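Peer 1: When you read off a place in the sequence shown, starting at 1, and then add 1, the result is the number in our numbering.
Quick reminder that beta carbons are idealized off the backbone N, C-alpha and C, glycines included.
Source: prediction; values computed, not measured.
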Amino acid sequence: MVLKKRGIAARFILIVSILAQGLMAVLAVVAIYTASHSQSKQADEFISRLKSEQAEQEKLLAGELKQKGESIAALLAQTSSALIIGYDFDSMGRLADNAKNDEDVVSVVFYGKDKKVIAQAKGQGEAKETLRKDILFEGKTIGSVEVGLSLAGVE
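(1) Output the distance between the C-alpha atoms of Leu28 and Lys42, rounded to the nearest integer angstrom.
(2) Can you tell which of Gly70, Glu139, Gln55 has its C-alpha closest to the C-alpha of Val106?
(3) If we ignore side chains and look at the alpha-carbon of each, how far apart do Met2 and Ser18 end up?
(4) Using only the alpha-carbon positions, how far apart do Val146 and Glu59 sit?
(5) Any idea what DSSP makes of Gln58, helix, strand or coil?
(6) In the DSSP assignment, find the alpha helix (DSSP H) that holds Asp135 and state where it starts and stops.
(7) Assuming the contact rule is C-beta atoms closer than 8 Å, Leu203 and Ser72 should be a hit. Round their C-beta distance to whole Å, please.
(8) Do three or more CB pairs link the stretch 30 to 47 to the stretch 95 to 102 at distances below 8 Å?
Take a look at the structure:
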């Protein structure tokens with residue numbers, strides 16, 4: 002009845018208004034969906050990039066840790082040669098304890114020429130990587146040192 006009292010112009014305006022509101026609602030839904038999809042895609046790419054950078058950093062840190070372990074093993078091998086020749090196994094034990102105090106070192110084991118343990122220092126935890134270095138005296142192998150490394154700092 003209200004529409005009968007109004008003229009054709011009012012009906013036209015009412016229909017156009019309803020259509021405009023419907024079109025605006027559809028456009029809003031499309032804009033929200035597109036923005037959500039773009040944001041989700043961007044977040045996934047960002048996460049992927051962060052994971053690849055994290056993997057690269059872990060690889061770099063593991064390499065640096067291995068280099069540090071090799072340096073420690075070389076230093077222990079060089080230092081312990083005179084101690085083995087002098088049968089100073091107590092000092093070798095203290096040397097192993099001092100090396101084990103490093104947070105990345107889990108264990109240090111000195112072996113004699115016959116592969117028997119002469120001195121060792123082991124901490125808590127398990128070595129994820131073990132490095133072995135021969136102990137030389139005047140060019141001859143008189144033993145070896147084994148350094149166990151923890152990769153907890155890398156992980």
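Peer 2: So, from the listed chains and residues:
(1) 21 Å
(2) Gly70
(3) With a pLDDT of only 48 at Met2, under the threshold of 50, the placement of this residue in the model should not be trusted; the figure read from the coordinates follows. Cα to Cα, the separation comes out at about 19 Å.
(4) 26 Å
(5) helix
(6) No alpha helix (DSSP H) contains Asp135, which is instead part of the beta strand (DSSP E) from 130 to 138.
(7) Summary: the structure shown does not reach residue 203, with the chain confined to residues 2 through 156, and so no result is reported for it.
(8) no
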